[in-house]
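Enquirer: This is the structure, below, for whatever I ask next.
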Amino acid sequence: SAVISQKPSRDICQRGTSLTIQCQVDSQVTMMFWYRQQPGQSLTLIATANQGSEATYESGFVIDKFPISRPNLTFSTLTVSNMSPEDSSIYLCSVPTGGRSNEQFFGPGTRLTVL
Amino acid sequence: AQKITQTQPGMFVQEKEAVTLDCTYDTSDQSYGLFWYKQPSSGEMIFLIYQGSYDEQNATEGRYSLNFQKARKSANLVISASQLGDSAMYFCAMRERNDYKLSFGAGTTVTVRA
Numbered sequence: 029s030a031v032i033s034q035k036p037s038r039d040i041c042q043r044g045t046s047l048t049i050q051c052q053v054d055s056q057v058t059m060m061f062w063y064r065q066q067p068g069q070s071l072t073l074i075a076t077a078n079q080g081s082e083a084t085y086e087s088g089f090v091i092d093k094f095p096i097s098r099p100n101l102t103f104s105t106l107t108v109s110n111m112s113p114e115d116s117s118i119y120l121c122s123v124p125t126g127g128r129s130n131e132q133f134f135g136p137g138t139r140l141t142v143l
Numbered sequence: 377a378q379k380i381t382q383t384q385p386g387m388f389v390q391e392k393e394a395v396t397l398d399c400t401y402d403t404s405d406q407s408y409g410l411f412w413y414k415q416p417s418s419g420e421m422i423f424l425i426y427q428g429s430y431d432e433q434n435a436t437e438g439r440y441s442l443n444f445q446k447a448r449k450s451a452n453l454v455i456s457a458s459q460l461g462d463s464a465m466y467f468c469a470m471r472e473r474n475d476y477k478l479s480f481g482a483g484t485t486v487t488v489r490a
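Protein chains in written order, with the working numbering: chain A, 29 to 143; chain B, 377 to 490.
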């Protein structure tokens, strides 16, 4: 199984600022995903972080608001830009192990509160 | 259209009893995978169990088993011998095709009573 870490684990930010969330995996993985979970809601996929190319965003999410970097096969960052209180959520990165195990793991999450 | 439906917002179960969490799904793909995750109040997502659409046997992992009824498009999670530590939110999710993207249901909150 993959071990995934995220930084920071939580943060409280002011409206209009930006926060960059880091996701580190203990092994090389082809695919990494970023999800958002708004308070009391389910998880929604933000984007697929592609190594060596631009991220692929889901409907309703744009690069200007959620820029993503994927410099190598073990690391990715998600930036939440120009934050508003509506961005208060848990942000989670996820990696599939693929193969026969068919497991898909999540990082511990970053709990963001925007005031 | 909703791909994953979990109709039980919350459930109470007595310690040591079994509980079944309902999940129905909608897909036109022949190849897909179904997942269950546990989310305690800490917010982490803990992988519990996986069922592939072509798997003939129902998946089991310790006290967790998945009751897969393909024709009815349901993938219910059964937790046997409930423990106080099982109190959490449980999400059903589906992965279609081979793109590894997950679609999640709304979740079911399970509270285990002593």
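Ideal placement from N, C-alpha and C gives every residue a C-beta, glycine not left out.
Only counting the same chain, and skipping five residues up and downstream in sequence, which positions put a Cβ closer than 7 Å to that of S29/A?
Expert: Closer than 7 Å at the Cβ level, and outside the excluded window around S29/A, lie T125, E131 and F133.
Enquirer: Starting from the C-beta of P113/A, find all residues in its chain whose C-beta is less than 6 Å away, skip the five residues before and the five after it, and write them out in chain order.
Expert: Excluding positions up to five away in sequence, the list reads V142.
Enquirer: Tell me whether D39/A sits in a helix, a strand or coil according to DSSP, three-state version.
Expert: The answer is strand: DSSP assigns D39/A an E or B state.
Enquirer: Smallest Cα separation from W412/B: which of F423/B, E432/B and G419/B?
Expert: Nearest option by C-alpha distance: F423/B.
Enquirer: Using a Cβ cut-off of 7 Å (strictly closer), state whether Y476/B contacts chain A.
Expert: Cβ-Cβ to chain A under 7 Å: yes for Y476/B.
Enquirer: Taking a contact to mean a Cβ-Cβ separation below 7 Å, would you say Q34/A touches T138/A in this structure?
Expert: Taking 7 Å as the Cβ cut-off, Q34/A and T138/A qualify as a contacting pair.
Enquirer: Out of S116/A, S122/A, D54/A and E86/A, which has the shortest C-alpha to C-alpha gap to D39/A?
Expert: Closest option to D39/A, Cα to Cα, is S116/A.
Enquirer: What's the C-alpha gap between G44/A and Y63/A?
Expert: Going from the Cα of G44/A to the Cα of Y63/A covers about 21 Å.
Enquirer: Checking contacts by CB at 7 Å: is A464/B closer than that to chain A?
Expert: Chain A, which has no Cβ nearer than 7 Å to the Cβ of A464/B, makes this no.
Enquirer: Leaving aside the five residues before and after F388/B along the sequence, list all residues of the same chain whose C-beta is less than 7 Å from its C-beta, in chain order.
Expert: Same-chain partners within the cutoff: T487 and R489.
Enquirer: Do S407/B and S441/B count as a contact pair if the criterion is CB distance below 7 Å?
Expert: Not a contact, by the Cβ cut-off of 7 Å.
Enquirer: Shorter than 6 Å, the distance from the beta carbon of M60/A to the closest heavy atom of the ligand FMN, or not?
Expert: The ligand FMN is absent from the structure shown, which contains no ligand whatsoever.
Enquirer: Give every residue of the same chain whose Cβ lies closer than 6 Å to the Cβ of C51/A, excluding the five residues on either side of it in the sequence, and list them in chain order.
Expert: Here the set comprises Q34, S104, C121 and G135.
Enquirer: Check distances from the C-beta atoms of the segment 415-426 of chain B to those of chain A and list, in chain order, the residues that come in under 9 Å.
Expert: Against chain A - using a Cβ distance shorter than 9 Å - the residues of the segment 415-426 of chain B are Q415, S418, G419, E420, M421, I422, F423 and Y426.
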